[in-house]
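First comes the structure, then the notes that go with it.
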Amino acid sequence: MACWAYAILAITTLPPLLPNNLLLITGGMLAARGEMSLVLVLLSVAGSALLGDLLLHRFGWSAGGRFRRSEPTGRRGEMFVWASDRIRRQGLPFVIGVRFLPSGRLLGPLAAGAAGYPVRRFVIGAAIAETVWTAYSVGVGYFGGALSDNPVHALAIGLSLSLGVAAVATAVQRRGTARMRAGADVPKEA
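Quick note: the sequence shown uses my numbering, first residue 4, plus one each step.
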């Protein structure tokens, strides 16, 4: 497979706003079929995601004073304050866990930077989170590719597995958030 395929995976993973799950699953499926290197797929995706997280942390760090001086408004502002507070109190476990919340890849690094969370500790947490996320995202495609030689079937298996895991995770998150709201100061739709 040409180097451009790995570059596409890296470029679409760097910014946290591009939905690229289908590409990651396809990369895993192609690796299972021997058309791409699994190691290079994992490295290009995880490395790019980590670089994107670091850039967002640095942006949050440089803009942190403005964030702290302004009064946050609306749901986004509440979420930002909530995430910044959690990072200060929980540190590394929150840096890792926030990656798996909706919009967490954008919110977590920005809030960590604005809260002044040290870059070295942030990189450790982000590296752990991105490694797990990459292994899962590429792994479902690899699993689908290992089960079927038909690319359409393999992709369907990978997507179905991914959607199933996402549905279970969403249900668990909603249940946990409801419990937390009953006893803590969690903003709506955390």
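Every residue gets a Cβ at the ideal spot worked out from N, C-alpha and C, and that includes glycine.
1) Taking its Cβ as the centre, do 16 or more other Cβ atoms sit within 10 Å of residue 173, making it buried, or is it exposed?
2) Does DSSP classify residue 18 as helix, strand or coil?
3) Thinking C-alpha only, which one of 11, 137, 42 and 95 is nearest residue 122?
4) Would you check if the distance between the CB atom of residue 166 and the CB atom of residue 112 is smaller than 8 Å?
5) In three-state terms, what does DSSP make of residue 88?
6) Using beta-carbon positions only, say whether residue 135 and residue 44 come within less than 8 Å of one another.
7) If contacts are defined as beta-carbon pairs under 8 Å, then residue 55 and residue 16 qualify, I think. What distance do you get, rounded to the angstrom?
8) What would DSSP say about residue 112, mapped onto helix, strand or coil?
9) Which residue comes first and which comes last in the alpha helix (DSSP H) that contains residue 143?
10) Assuming contact is defined by CB atoms lying nearer than 8 Å, are residue 11 and residue 26 in contact in what I supplied?
11) If you drop the 5 nearest sequence neighbours on each side, which residues of the same chain put their C-beta closer than 8 Å to that of residue 53?
12) Can you grab the Cα-Cα spacing for the pair residue 8 / residue 115, in whole Å?
13) Suppose the cutoff is 6 Å on Cβ atoms and the five residues either side in sequence are ignored; what does the same chain contact list for residue 107 look like?
14) Distance check for residue 65 and residue 171, CA to CA, integer angstroms please.
15) In chain order, what residues of the same chain lie with their CB nearer than 7 Å to the CB of residue 51, ignoring the 5 residues before and after it?
16) Return helix, strand or coil for residue 32, following the three-state DSSP convention.
On the basis of the coordinates in this document:
1) If you number the sequence shown from 1, residue 173 lands on position 170. Note on residue 173: under 16 other CB atoms within 10 angstroms of its CB, so exposed under the neighbour-count rule.
2) The residue labelled residue 18 in the question sits at position 15 within the sequence shown. If DSSP states are grouped into helix, strand and coil, residue 18 belongs with coil.
3) Counted from its first residue, the sequence shown places residue 122 at position 119. If we check each option's Cα against that of residue 122, 95 comes out closest.
4) The count along the sequence shown starts at 1 and reaches residue 166 at position 163. The count along the sequence shown starts at 1 and reaches residue 112 at position 109. Contact flag unset, no.
5) Position 85 of the sequence shown holds residue 88. Correct three-state label for residue 88: helix.
6) Here residue 135 is taken as the residue at index 132 of the sequence shown, counted from 1. Here residue 44 is taken as the residue at index 41 of the sequence shown, counted from 1. Not a contact, by the Cβ cut-off of 8 Å.
7) In the sequence shown, counting from the first residue as 1, residue 55 sits at position 52. In the sequence shown, counting from the first residue as 1, residue 16 sits at position 13. Yes, they are in contact, since the Cβ atoms of residue 55 and residue 16 sit about 7 Å apart, within 8 Å.
8) Within the sequence shown, the letter at position 109 stands for residue 112. For residue 112, the three-state secondary structure derived from DSSP is helix.
9) By 1-based counting over the sequence shown, the position of residue 143 is 140. Its alpha helix (DSSP H) spans residues 122-150.
10) By one-based count along the sequence shown, residue 11 stands at place 8. By one-based count along the sequence shown, residue 26 stands at place 23. Taking 8 Å as the Cβ cut-off, residue 11 and residue 26 qualify as a contacting pair.
11) Residue numbering aside, residue 53 sits at position 50 when the sequence shown is read from its first letter. Only 126, 129, 130 and 133 meet the Cβ criterion.
12) As a first step, residue 8 must be located in the sequence shown, where it is residue number 5. As a first step, residue 115 must be located in the sequence shown, where it is residue number 112. Rounded to the nearest angstrom, the two C-alpha atoms are 32 Å apart.
13) As a working note, residue 107 is residue 104 in the sequence shown. Contacts found: 101.
14) As a working note, residue 171 is residue 168 in the sequence shown. As a working note, residue 65 is residue 62 in the sequence shown. Near 37 Å, if we compare the C-alpha coordinates of residue 65 and residue 171.
15) Numbered from its first residue, the sequence shown carries residue 51 at position 48. Closer than 7 Å at Cβ, skipping near neighbours: 13, 16 and 17.
16) To locate residue 32, count along the sequence shown from 1; it is residue 29. In this structure, residue 32 counts as helix in the three-state DSSP scheme.
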